[in-house]
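Mapping to our numbering: the sequence shown position 36 is 23, numbers consecutive. Even glycine gets a Cβ: it sits at the ideal position worked out from N, Cα and C. The model shown is predicted, which means the values in this text are computed figures rather than measured ones. Here's the structure we're looking at; comments come further down.
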Amino acid sequence: MKKHLFIIVLLALVFSCKSENRPPKPSNLISKDKMEKILYDLYVINAAKGVNRKLLEDKGIVPESYVLNKHQIDSTQFAQSNAYYAYDPDLYKIMVEKIKARLEKDKEAYEDAEKKASKEAKRRRDSINRVNEKRRDSIKKALKKEVSNS
(Lines of atoms letter the chains of each structure in order from A and count residues from 1; the text may use other names and numbers.)
(Lines give C-alpha, C1' and ligand atoms only; values in the text may rest on other atoms or scores of the structure.)
Protein backbone atom coordinates (compact mmCIF):
# COMPACT_ATOMS: atom_id res chain seq x y z
CA MET A 1 0.00 0.00 0.00
CA LYS A 2 2.95 2.30 0.59
CA LYS A 3 3.73 1.84 -3.06
CA HIS A 4 0.12 2.55 -3.99
CA LEU A 5 -0.03 5.62 -1.79
CA PHE A 6 3.30 6.83 -3.13
CA ILE A 7 2.11 6.29 -6.70
CA ILE A 8 -1.16 8.13 -6.02
CA VAL A 9 0.68 11.05 -4.46
CA LEU A 10 3.30 11.06 -7.21
CA LEU A 11 0.66 10.96 -9.94
CA ALA A 12 -1.25 13.72 -8.24
CA LEU A 13 1.88 15.85 -8.08
CA VAL A 14 2.85 15.07 -11.68
CA PHE A 15 -0.59 15.86 -13.01
CA SER A 16 -0.81 18.97 -10.90
CA CYS A 17 2.51 20.18 -12.23
CA LYS A 18 1.54 19.58 -15.85
CA SER A 19 -1.81 21.28 -15.72
CA GLU A 20 -2.12 24.97 -15.19
CA ASN A 21 -5.44 24.70 -13.42
CA ARG A 22 -6.11 23.31 -10.02
CA PRO A 23 -8.18 20.15 -10.13
CA PRO A 24 -11.80 21.01 -9.60
CA LYS A 25 -12.96 20.80 -6.03
CA PRO A 26 -14.77 17.46 -5.78
CA SER A 27 -18.40 17.69 -4.72
CA ASN A 28 -17.66 15.11 -2.04
CA LEU A 29 -14.30 16.56 -0.96
CA ILE A 30 -12.98 14.94 2.19
CA SER A 31 -12.28 17.53 4.88
CA LYS A 32 -8.63 18.27 5.56
CA ASP A 33 -8.83 16.84 9.09
CA LYS A 34 -10.52 13.66 7.92
CA MET A 35 -7.99 13.33 5.09
CA GLU A 36 -5.17 13.53 7.63
CA LYS A 37 -6.84 10.78 9.67
CA ILE A 38 -7.23 8.62 6.57
CA LEU A 39 -3.60 9.11 5.54
CA TYR A 40 -2.51 8.38 9.12
CA ASP A 41 -4.48 5.13 9.11
CA LEU A 42 -3.00 4.20 5.73
CA TYR A 43 0.52 4.75 7.06
CA VAL A 44 -0.16 2.69 10.17
CA ILE A 45 -1.86 -0.19 8.39
CA ASN A 46 0.86 -0.28 5.76
CA ALA A 47 3.46 -0.56 8.48
CA ALA A 48 1.42 -3.35 10.07
CA LYS A 49 1.08 -5.03 6.70
CA GLY A 50 4.83 -5.04 6.32
CA VAL A 51 5.31 -6.60 9.73
CA ASN A 52 2.24 -8.83 10.11
CA ARG A 53 1.15 -9.57 6.55
CA LYS A 54 0.22 -13.19 7.39
CA LEU A 55 -1.89 -12.13 10.37
CA LEU A 56 -3.84 -9.63 8.25
CA GLU A 57 -4.34 -12.22 5.50
CA ASP A 58 -5.52 -14.82 8.03
CA LYS A 59 -8.11 -12.39 9.37
CA GLY A 60 -9.19 -11.50 5.83
CA ILE A 61 -8.26 -7.85 6.19
CA VAL A 62 -7.44 -5.95 3.01
CA PRO A 63 -5.66 -2.89 4.41
CA GLU A 64 -6.74 -0.30 1.85
CA SER A 65 -10.36 -1.44 1.88
CA TYR A 66 -10.34 -1.56 5.66
CA VAL A 67 -9.26 2.09 5.94
CA LEU A 68 -11.72 3.27 3.29
CA ASN A 69 -14.58 1.37 4.95
CA LYS A 70 -13.57 2.65 8.39
CA HIS A 71 -13.90 6.23 7.15
CA GLN A 72 -16.96 5.44 5.02
CA ILE A 73 -15.46 6.64 1.75
CA ASP A 74 -14.72 5.01 -1.60
CA SER A 75 -11.47 4.87 -3.52
CA THR A 76 -12.64 7.43 -6.09
CA GLN A 77 -13.53 9.95 -3.41
CA PHE A 78 -10.15 9.37 -1.77
CA ALA A 79 -8.23 9.70 -5.05
CA GLN A 80 -10.05 12.89 -6.06
CA SER A 81 -9.64 14.48 -2.64
CA ASN A 82 -6.00 13.42 -2.47
CA ALA A 83 -5.33 14.94 -5.91
CA TYR A 84 -7.09 18.13 -4.86
CA TYR A 85 -4.99 18.51 -1.70
CA ALA A 86 -1.77 17.36 -3.39
CA TYR A 87 -2.11 20.15 -5.96
CA ASP A 88 -1.05 22.57 -3.23
CA PRO A 89 2.35 21.16 -2.15
CA ASP A 90 2.66 23.54 0.81
CA LEU A 91 -0.70 22.46 2.21
CA TYR A 92 0.04 18.80 1.54
CA LYS A 93 3.43 19.13 3.23
CA ILE A 94 1.77 20.59 6.32
CA MET A 95 -0.71 17.70 6.35
CA VAL A 96 2.08 15.12 6.03
CA GLU A 97 4.10 16.84 8.78
CA LYS A 98 1.09 16.66 11.13
CA ILE A 99 0.73 12.98 10.33
CA LYS A 100 4.44 12.38 10.97
CA ALA A 101 4.22 14.22 14.29
CA ARG A 102 1.25 12.08 15.31
CA LEU A 103 3.10 8.91 14.26
CA GLU A 104 6.14 9.96 16.30
CA LYS A 105 3.97 10.74 19.33
CA ASP A 106 2.26 7.36 19.06
CA LYS A 107 5.62 5.63 18.59
CA GLU A 108 6.98 7.26 21.74
CA ALA A 109 3.87 6.29 23.69
CA TYR A 110 4.20 2.72 22.46
CA GLU A 111 7.89 2.59 23.35
CA ASP A 112 7.15 4.00 26.82
CA ALA A 113 4.43 1.39 27.35
CA GLU A 114 6.82 -1.30 26.11
CA LYS A 115 9.52 -0.16 28.55
CA LYS A 116 7.03 -0.06 31.40
CA ALA A 117 5.78 -3.56 30.59
CA SER A 118 9.36 -4.80 30.32
CA LYS A 119 10.27 -3.30 33.70
CA GLU A 120 7.15 -4.84 35.26
CA ALA A 121 7.97 -8.25 33.78
CA LYS A 122 11.55 -7.98 35.08
CA ARG A 123 10.29 -6.97 38.52
CA ARG A 124 8.02 -10.02 38.59
CA ARG A 125 10.81 -12.35 37.42
CA ASP A 126 13.14 -10.93 40.08
CA SER A 127 10.46 -11.37 42.73
CA ILE A 128 9.86 -14.97 41.69
CA ASN A 129 13.61 -15.61 41.64
CA ARG A 130 13.94 -14.20 45.19
CA VAL A 131 11.12 -16.46 46.42
CA ASN A 132 12.69 -19.47 44.70
CA GLU A 133 16.09 -18.60 46.15
CA LYS A 134 14.59 -18.39 49.66
CA ARG A 135 12.98 -21.80 49.15
CA ARG A 136 16.26 -23.34 47.99
CA ASP A 137 18.08 -21.77 50.93
CA SER A 138 15.50 -23.04 53.42
CA ILE A 139 15.66 -26.53 51.88
CA LYS A 140 19.48 -26.47 52.05
CA LYS A 141 19.35 -25.36 55.70
CA ALA A 142 16.84 -28.07 56.53
CA LEU A 143 18.98 -30.71 54.81
CA LYS A 144 22.14 -29.50 56.59
CA LYS A 145 20.32 -29.54 59.91
CA GLU A 146 19.01 -33.03 59.22
CA VAL A 147 22.48 -34.27 58.19
CA SER A 148 24.10 -32.72 61.26
CA ASN A 149 21.48 -34.30 63.56
CA SER A 150 22.12 -37.74 62.11
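So, residue i versus residue j, is the Cβ gap smaller than 9 Å?
i       : j     : result
Tyr97   : Pro13 : no
Tyr53   : Ile32 : yes
Ser68   : Met22 : yes
Ile(-5) : Ala66 : yes
Tyr74   : Arg9  : yes
Measure the C-alpha to C-alpha separation of residue i and residue j and round it to an integer number of angstroms.
i      : j      : result
Arg122 : Lys24  : 55 Å
Lys87  : Pro50  : 19 Å
Asp45  : Asp124 : 49 Å
Lys92  : Arg111 : 29 Å
Lys106 : Lys127 : 31 Å
Arg40  : Val118 : 42 Å
Lys102 : Ala108 : 10 Å
Leu43  : Ala34  : 12 Å
Asp20  : Lys85  : 10 Å
Lys94  : Ala100 : 10 Å
Asp113 : Ala129 : 24 Å
Gly37  : Gly47  : 15 Å
Ala104 : Leu16  : 42 Å
Pro11  : Pro76  : 16 Å
Leu90  : Val83  : 10 Å
### Query
Does the stretch 21 to 35 come close enough to the stretch 52 to 68 to have 3 or more Cβ pairs within less than 8 Å?
Touching, yes, given that three or more Cβ pairs across the two stretches are closer than 8 Å.
### Task
Go through the stretch 25 to 110 residue by residue and report every complete run of the alpha helix (DSSP H) that reaches 4 residues or more, in order.
Qualifying alpha helix (DSSP H) stretches, in chain order: 40 to 45, 50 to 57 and 62 to 73.
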